[in-house]
Amino acid sequence: MKSTRFQLDELAQLVQGESIGQSTLTLKGLASLGQAQSDQIAFVNGDKYLAEALASKAGALIVTEALKNQLSDQHHNFIVVKNPYLAFAILTHIFEAKVLKRGIESTAQIDPSAIISDTAYIGHYVVIGENCVVGEDSIIQSHVKIDDGVEIGRHCFIDSHVTITGYSKLADRVRIHANTVIGGEGFGFAPYQGKWNRIAQLGSVRIGNDVRIGSNCSVDRGALDDTILEDGVIIDNLVQIAHNVHIGANTAIAAKSGIAGSTTIGKNCILAGGVGVVGHITITDNVTITGMSMVSKSISEAGSYSSGTGQFETNHWKRTVVRLRQLADVPLTKLVKQIDHMQTQIESIESTLKSRK
Amino acid sequence: MKSTRFQLDELAQLVQGESIGQSTLTLKGLASLGQAQSDQIAFVNGDKYLAEALASKAGALIVTEALKNQLSDQHHNFIVVKNPYLAFAILTHIFEAKVLKRGIESTAQIDPSAIISDTAYIGHYVVIGENCVVGEDSIIQSHVKIDDGVEIGRHCFIDSHVTITGYSKLADRVRIHANTVIGGEGFGFAPYQGKWNRIAQLGSVRIGNDVRIGSNCSVDRGALDDTILEDGVIIDNLVQIAHNVHIGANTAIAAKSGIAGSTTIGKNCILAGGVGVVGHITITDNVTITGMSMVSKSISEAGSYSSGTGQFETNHWKRTVVRLRQLADVPLTKLVKQIDHMQTQIESIESTLKSRK
Amino acid sequence: MKSTRFQLDELAQLVQGESIGQSTLTLKGLASLGQAQSDQIAFVNGDKYLAEALASKAGALIVTEALKNQLSDQHHNFIVVKNPYLAFAILTHIFEAKVLKRGIESTAQIDPSAIISDTAYIGHYVVIGENCVVGEDSIIQSHVKIDDGVEIGRHCFIDSHVTITGYSKLADRVRIHANTVIGGEGFGFAPYQGKWNRIAQLGSVRIGNDVRIGSNCSVDRGALDDTILEDGVIIDNLVQIAHNVHIGANTAIAAKSGIAGSTTIGKNCILAGGVGVVGHITITDNVTITGMSMVSKSISEAGSYSSGTGQFETNHWKRTVVRLRQLADVPLTKLVKQIDHMQTQIESIESTLKSRK
């Protein structure tokens, strides 16, 4: 895909590592251990990949000192670092295809009141409304809609078909992937006489620096106050962030999760895939929610929480659900006590019987 | 965001309430109790917000008579109504930024056979196919695709990047948010000799008056008959409505829910977030399904149904799942009876022993 | 919707069936048993639809020989086949509205380096980047974004607002429905010093022949290796396929499912709606996962697996969850043994008492 070429020692320098072996070896790309060819470099993410690393045809390996010693019979070219995964993460950027275009495509429709940096790129068929701002070096891909009053900071990347509306404000280095909607109308209705009366959503969305949002996500604007994603939040695909949600810095949310309205999530949390969080609750910092769990109450202590169940064989599961339907009427704790008590009674009886023998 | 200004008594009149205090007070917007400034009005949604209301810097408060009496030491400007939440809902529309544009943007591609009302707005890069209709005062935002034969009623709002296809018919005052797909092909395949044979979907989608659909939703067209959303249905973001689903009037469906094919849901139902409903079943009117539950069988009685589990600490949950895996082989109901019976036996033995003492 | 007309014997020939009755009967469409009129044909999918078939006003019925005999008092025009559902699937294509346009709309933006077949259709406002390929008879609907290096085979159908990026390669007869994103950036981050370091995703997506993907799906490109969907895979709406997932031939995935990164799913599997599969596991061929289940571990044996729970009445469910929270501390298997043992003890005591009477 790319014809970028680097020498082993150049790559080592980029990750502050030590190059071992043929320092002028030319490398054309990164690859996985299994797929790598002699002109590619791969990384070894711990001992459990040793066998794969030994068998790899990679021209060079990114390793720890310890791993290098275990591999040096089979391999001779290494970059030695403390954290091979981090080094790999850094090198991916070297080999990435980047959008180098700058300027505004002739087909973009930009309101005269909008302020677009000279170093930004505005793709084909982009529509930008009144009083918008697009900062330096930001890339707006084709077909993006930036509605009135939206502001986008510097070094942002907004992929095709994204809709940004509701006067949303994005800080710097924000990445939003294709077909995501930022600032859509929150789901607010006042029930009255059997009908739903729509509540116009007057709040906005504020997105901090270095936030990353995947494709096909919906981040709604607030009813009155704003929906807020703090710096460093990362969000996968198909995630729902309802109105007035507040997500703390560096929290990660995996695909298909949803956060209901007015919920606050702390910093450095991790929500695994398919997690649901109900509205109007608070989750503290450093909380992990495992896959497909529902958070139905506030969480005030850091830690890991779950309610998602892994698979059973279907026949086993069906019999389990039969028991689950009986469970409500089984006073488990009381029964355990009763059984203990009966055991004592039986032992007492046996002892009585023995004594009377 | 807006420079709309109203006097307190004007706002009171709009919600058929009584203005108390400085009737000519100028208010520039609605805000939450916590964020409101002296030129903004806030609403108090019941006693549990009293403390927040007392501390609020809002210039005026929307309250009930009872709430007013509890707040009048700290606040002097009120709108008194029976239902503050409803009054708030009504006032949001006054302060909302509305699309006032009318006419057809020069870049829209409209088939000559389409009938577009003179009072509609057709945004940039909209594509409208053969024999389409767009009614009076409907707003079609940029990049919308209205495929052949689609009809849109009056006072509708269709946000950017929506795709409407499959000859769908929308009635009046329908709102569809960004990047949603209406009338996409239903997921119908006939398995034959190990392959999936696609069934072309010949039905359509019919959407009633006052229906609201969020962003990134998919509403598929029917296989032969139509998929139907009756009047007043409201749907949040990222919701899947499969082919031939029929949803009764005023039913509300929260984000990330999905309804499988040919299922009928009654009127005035509420599906909370992340609910799944299997195909080919019927749910009667006035049913509530709580968050992340699965509806696997028809529901013929109004009421509330659940199967979503709130979070446990992960270690507690793991031990619970260990027990769940044992549960199938534990005859709970029988055991309870057996324990009762054993208790009786033990008591009988004890009594015998006593009598023989 | 269409004015296509066929005679009964023409339709019979298309499905290799036998026409019975008025072979020249003119039929204008397919319809369901309940909606069909005298100029339409319906199909009877087994004995459970007999009553509906007897009451149907359809001009002709697609049936098995056995069904025909049961219906011939009320109906006189039939197409007799072995598999009415398959015959119906075939006939839907006859009555389907097809895109017959060919050529490139004037508003499409196509990089000069792209190779577009003369028999392809490129809709309004499509953007096609450098070095792309679109094969014979492929239909690219309006507003599609085909990013640099993407290749699309022959007879494909790509609906509006689809984004294809990441150098993805699609084979022949691939259908992708509206607003789906193929080749978006995988969710890969290396945590380091409390921050998430983005891993640029250097892999791609490879999609086999006859793959079908619904609307609003996200199929991410691989980190280093490619994400792969083999021939004949069918995917419903709002589905997440993470980076480096590999899905075997003819596997079907229903709406709202999600597959986490680097997971391999075998051939001929069926994932029902709302299923979640964790990352880095392997599921063998011929596995069925029932609705809203989570697959948390590899599956090495073909069969059916579950963990989704059908609905309870909410009060019943709440009491069930109370018991679930006690369950971890109830040593079920041990208790059952203990109860058995106590029963034996009691019987032994009773027998002792009896012998001493």
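Residue numbers (my numbering), protein chains in the order written: chain A, 121 to 477; chain S, 121 to 477; chain F, 121 to 477.
Yeah, the Cβ is synthetic: ideal placement off N, Cα and C, and Gly gets one too.
Since this is a predicted model, take the numbers as computed values, not measurements.
Residue of F:Gly352, F:Ser420, F:Ile419, F:His436 minimising C-alpha distance to S:Ser427:
Along the second sequence, one-based indexing puts residue 427 of chain S at 307. Checked all of F:Gly352, F:Ser420, F:Ile419, F:His436; the closest Cα to S:Ser427 is F:His436.
Quick one: Cα of S:Ile210 to Cα of S:Ile182, how far?
As a first step, residue 210 of chain S is located in the second sequence; it is residue number 90 there, counting from the start. As a first step, residue 182 of chain S is located in the second sequence; it is residue number 62 there, counting from the start. Straight-line Cα distance between these residues: approximately 12 Å.
What are the residues of the region 361-393 of chain A that lie near chain S, defined by any Cβ-Cβ distance shorter than 8 Å?
Ala362, Lys376, Gly378, Ala380
9 Å is my cut-off, CB to CB: does S:Arg326 come that close to chain F?
Working through the second sequence from its first residue, we reach residue 326 of chain S at position 206. False, the Cβ-Cβ gap to chain F never drops below 9 Å.
Can you tell me which of S:His244, S:Leu191, S:Ile278 puts its alpha carbon nearest to the alpha carbon of S:Ser258?
Reading the second sequence from its first residue, position 138 is the one you call residue 258 of chain S. Closest option to S:Ser258, Cα to Cα, is S:Ile278.
3 or more residues per run - each beta strand (DSSP E) lying fully within the region 163-235 of chain A:
180-183, 198-200
Examine chain F for any beta-carbon lying closer than 9 Å to the beta-carbon of A:Arg125, and answer yes or no.
Residue numbering aside, residue 125 of chain A sits at position 5 when the first sequence is read from its first letter. So, not an interface residue.
Can you grab the Cα-Cα spacing for the pair A:Asn388 / F:Phe208, in whole Å?
Taking the first sequence and counting its residues from 1, the one referred to as residue 388 of chain A is at position 268. Taking the third sequence and counting its residues from 1, the one referred to as residue 208 of chain F is at position 88. In a straight line, the C-alpha of A:Asn388 is about 54 Å away from that of F:Phe208.
Out of curiosity, what's the CA-to-CA distance linking A:Thr410 and A:Arg125?
Here residue 410 of chain A is taken as the residue at index 290 of the first sequence, counted from 1. Here residue 125 of chain A is taken as the residue at index 5 of the first sequence, counted from 1. Distance between the alpha carbons of A:Thr410 and A:Arg125 is about 41 Å.
Taking the Cβ atom as the reference point for each residue, do F:Thr146 and F:Asp159 lie within a distance shorter than 9 Å?
In the third sequence, the residue the question calls residue 146 of chain F occupies position 26. In the third sequence, the residue the question calls residue 159 of chain F occupies position 39. A contact, by the Cβ cut-off of 9 Å.
Give a yes or no on whether the C-beta atoms belonging to F:Val484 and F:Gly381 are separated by under 9 Å.
Since the first residue of chain F shown is 121 and the last is 477, residue 484 of chain F is not available in this structure.
At what residues does the beta strand (DSSP E) containing F:Lys315 begin and finish?
Sequence index remark: in the third sequence, residue 315 of chain F carries index 195 (1-based). 315-318 is the span of the beta strand (DSSP E), which, as asked, contains F:Lys315.
With a threshold of 9 Å between beta-carbons, can S:Tyr241 be considered close to chain A, or not?
On the second sequence, residue 241 of chain S is found 121 positions in, with the first residue counted as 1. Not one chain A Cβ lies under 9 Å of S:Tyr241.
Buried or exposed, going by whether 16 or more other CB atoms sit within 10 Å of the CB of F:Asn336?
Counting from one through the third sequence, the residue named residue 336 of chain F turns up at place 216. Flag for F:Asn336 reads buried.
Is the region 365-375 of chain A close to the region 178-195 of chain S, with three or more CB pairs under 8 Å?
no
Evaluate the contact criterion for the region 341-352 of chain F versus the region 349-358 of chain S: three or more CB pairs, one atom per stretch, below 8 Å.
no
Return the chain-ordered list of same chain residues with a C-beta closer than 6 Å to the C-beta of A:Thr384, the five sequence neighbours on each side being excluded.
Numbered from 1 along the first sequence, position 264 holds the residue referred to as residue 384 of chain A. Excluding positions up to five away in sequence, the list reads His366, Thr402.
C-beta atoms of S:Ser262 and S:Tyr287 nearer than 9 Å
Looking up residue 262 of chain S in the second sequence gives position 142. Looking up residue 287 of chain S in the second sequence gives position 167. Cβ distance not < 9 Å, so S:Ser262 and S:Tyr287 don't count as in contact.
Please determine, among S:His196, S:Lys188, S:Glu305, S:Val200, the residue with the shortest C-alpha to C-alpha distance to S:Leu134.
As a working note, residue 134 of chain S is residue 14 in the second sequence. Of the listed residues, the one whose Cα sits closest to S:Leu134 is S:Val200.
With three or more beta-carbon pairs closer than 8 Å as the criterion, would you say the region 316-332 of chain A touches the region 289-297 of chain A?
yes
Anything in chain S within Cβ reach of A:Glu305, meaning under 7 Å, just list it in chain order.
Position 185 of the first sequence holds residue 305 of chain A. Within chain S, the residues near A:Glu305 are His297.
Is the beta carbon of F:Thr434 sitting closer than 9 Å to the one on S:Ser424?
Position 314 of the third sequence holds residue 434 of chain F. Position 304 of the second sequence holds residue 424 of chain S. Yes, these two residues count as a Cβ contact at 9 Å.
How about F:Leu455 and A:Ile459: are their beta carbons less than 9 Å apart?
In the third sequence, the residue the question calls residue 455 of chain F occupies position 335. In the first sequence, the residue the question calls residue 459 of chain A occupies position 339. Contact: yes.
Report yes or no: is there a C-beta of chain A within less than 9 Å of the C-beta of F:Asp345?
Translated into the one-based positions of the third sequence, residue 345 of chain F becomes position 225. Yes, F:Asp345 lies at the interface with chain A (some Cβ there is under 9 Å from its Cβ).
Which partner residues does S:His366 have in the DSSP bridge list?
The residue given as residue 366 of chain S occupies position 246 in the second sequence. Answer is S:Ile348, S:Thr384, bridged to S:His366.
With DSSP collapsed to three states, give me the class of S:Met462.
The count along the second sequence starts at 1 and reaches residue 462 of chain S at position 342. In this structure, S:Met462 counts as helix in the three-state DSSP scheme.
Output, in sequence order along the chain, the residues in the region 413-430 of chain F whose CB is closer than 8 Å to any CB in chain A.
Ser413, Met414, Val415, Ser416, Lys417, Ile419, Gly423, Ser424, Tyr425, Ser426, Ser427, Thr429, Gly430
Residues of the region 192-221 of chain A whose Cβ lies closer than 8 Å to any Cβ of chain F, in chain order:
Asn203, Tyr205, Leu206, Phe208, Ala209, Ile210, Thr212, His213, Phe215, Glu216, Ala217
Between which two residues does the alpha helix (DSSP H) containing F:Val441 stretch?
For the purposes of this step, residue 441 of chain F is taken as the residue at position 321 of the third sequence. First-last of the alpha helix (DSSP H) with F:Val441: 434-447.
Euclidean distance between Cα positions of F:Asp268 and A:Gln157:
Taking the first residue of the third sequence as position 1, residue 268 of chain F is located at position 148. Taking the first residue of the first sequence as position 1, residue 157 of chain A is located at position 37. Cα to Cα, F:Asp268 sits roughly 25 Å from A:Gln157.
Distance between A:Gly314 and S:Ile140 (C-alpha atoms, nearest Å)
Within the second sequence, the letter at position 20 stands for residue 140 of chain S. Within the first sequence, the letter at position 194 stands for residue 314 of chain A. About 30 Å.
Going by beta-carbon coordinates alone, are F:Ile236 and F:Val219 separated by less than 9 Å?
Locating residue 236 of chain F in the third sequence gives position 116, counting from the first residue. Locating residue 219 of chain F in the third sequence gives position 99, counting from the first residue. No.
Helix, strand or coil: which one does DSSP assign to S:Ala132?
As a position in the second sequence, residue 132 of chain S is number 12, starting the count at 1. Correct three-state label for S:Ala132: helix.
Could you compute how far the alpha carbon of S:His297 sits from the alpha carbon of S:Gly243?
The count along the second sequence starts at 1 and reaches residue 297 of chain S at position 177. The count along the second sequence starts at 1 and reaches residue 243 of chain S at position 123. When rounded, the distance between both Cα atoms is 15 Å.
Within chain F, the residues that A:Arg332 reaches when beta carbons sit closer than 9 Å:
What you label residue 332 of chain A is simply residue 212 of the first sequence in a count that begins at 1. Within 9 Å Cβ-Cβ: Glu305, Phe307, Phe309, Trp316, Arg318.
Does the beta carbon of S:Thr453 come closer than 9 Å to any beta carbon on chain F?
For the purposes of this step, residue 453 of chain S is taken as residue 333 along the second sequence, with counting starting at 1. No, S:Thr453 lies away from the interface with chain F (no Cβ there is under 9 Å from its Cβ).
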